[in-house]
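Asks:
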Amino acid sequence: MAGLAVRPARILIAALSGVLAVLVGTGVWIAAQARDEQGRAGDRQAALLAAGVHAKNLVSLDYNSADDDVRRILDTSTGAARAEYEANAGKLKSTTVDNKVIQHGVLRATGLVSINEATATVLVVADVEIRWDDSDSAPQERFYRWQMDLTKADGLWLVSKVVQVT
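And the structure:
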């Protein structure tokens, strides 16, 4: 009779062990999902921030710091966008300096259109006031709306394409 009493205890222990294994496996799976979601949320924020910084760089130029301003534009871009900025950098600098341009830009909004592990598309709204030092001309306001494509390179989001939208 003693053998019969041991048998239900073994079955109970085996069942509890199985339930415990399922609970531990589920906990590990939930933790992995949460970690992945945290990573995706971090990428979303980083892509929005990178597009916003790039936009701010595009609309903030000063003839007193033209070299640094253009360098910031290049530092936040890659691919076709960077190639275009590099090709036009000399003209942008000389025009800014020759005309004593001071552009003060304000980032108004960014919005994520899409994102995956390596690319993102962000809509950006920025406004700028342009004035010319030593000029009687009234400042001009301009309002920009862009769609920016970003590429993740070495862990950083960089703007690879900029299209003005209306």
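With the first letter of the sequence shown counted as 1, position 104 gets the number 346 in this note's numbering; the numbers rise by one all the way through. All residues carry an ideal CB built from backbone N, CA and C; glycine is no exception.
What three-state label does DSSP hand Thr320 in the structure shown?
Replies: In the structure shown, Thr320 sits in coil (DSSP, three-state: anything other than H, G, I, E or B).
Asks: To the nearest angstrom, how far is it from the Cα of Asp304 to the Cα of Ile315?
Replies: Each residue's alpha carbon lies about 13 Å from the other.
Asks: Using beta-carbon positions only, say whether Leu400 and Ser336 come within less than 7 Å of one another.
Replies: Going by C-beta atoms, Leu400 is not nearer than 7 Å to Ser336.
Asks: Can you tell me the Cα-Cα spacing of Phe385 and Ala362, whole angstroms?
Replies: C-alpha separation (whole angstroms): 23 Å.
Asks: When we look at the beta-carbon of Lys394 and count the other beta-carbons within 10 Å, is it buried (16 or more) or exposed?
Replies: Classification of Lys394: buried, given that the 10 Å Cβ count is 16 or more.
Asks: Here's a check: name, in chain order, each residue in its chain whose Cβ is nearer than 6 Å to the Cβ of Val367, leaving out the five neighbours to either side.
Replies: Arg350, Ala351, Arg387, listed in sequence order.
Asks: Tell me which residue opens and which closes the beta strand (DSSP E) that Asp220 is part of.
Replies: No information on residue 220 is available, as it lies outside the stretch 243 to 408 that the chain covers here.
Asks: Enumerate in chain order the residues of its own chain whose CB-to-CB distance from Arg286 is below 7 Å, with the five nearest sequence positions on each side excluded.
Replies: Cβ neighbours of Arg286 beyond the five flanking positions: Leu354, Ile357.
Asks: Quick check: what's the CA-CA separation for Asp396 versus Leu300?
Replies: Rounded to whole angstroms, Asp396 to Leu300 spans 23 Å at the Cα level.
Asks: Suppose you measure from the CA of Leu258 to the CA of Glu359; what does that come to, to the nearest Å?
Replies: For Leu258 and Glu359, the distance between alpha carbons rounds to 40 Å.
Asks: Mark Gln406 as exposed unless 16 or more other C-beta atoms lie within 10 angstroms of its C-beta, in which case mark it buried.
Replies: Gln406 comes out exposed.
Asks: Please name the residue, chosen from Val370, Glu328, Arg252, that lies closest to Ser402 on a Cα-to-Cα basis.
Replies: Closest by alpha carbon: Glu328.
Asks: Given this structure, state the Cα-to-Cα distance separating Gly332 from Val404, to the nearest angstrom.
Replies: Their Cα atoms are separated by approximately 19 Å.
Asks: Use the C-beta contact count for Ala380: other C-beta atoms within 10 angstroms, 16 or more gives buried, fewer gives exposed.
Replies: Classification for Ala380: exposed.
Asks: Ser302 and Gly347 look like a contact to me (Cβ under 8 Å); what is the Cβ gap, rounded to whole Å?
Replies: Ser302 to Gly347, Cβ: 4 Å. Contact.
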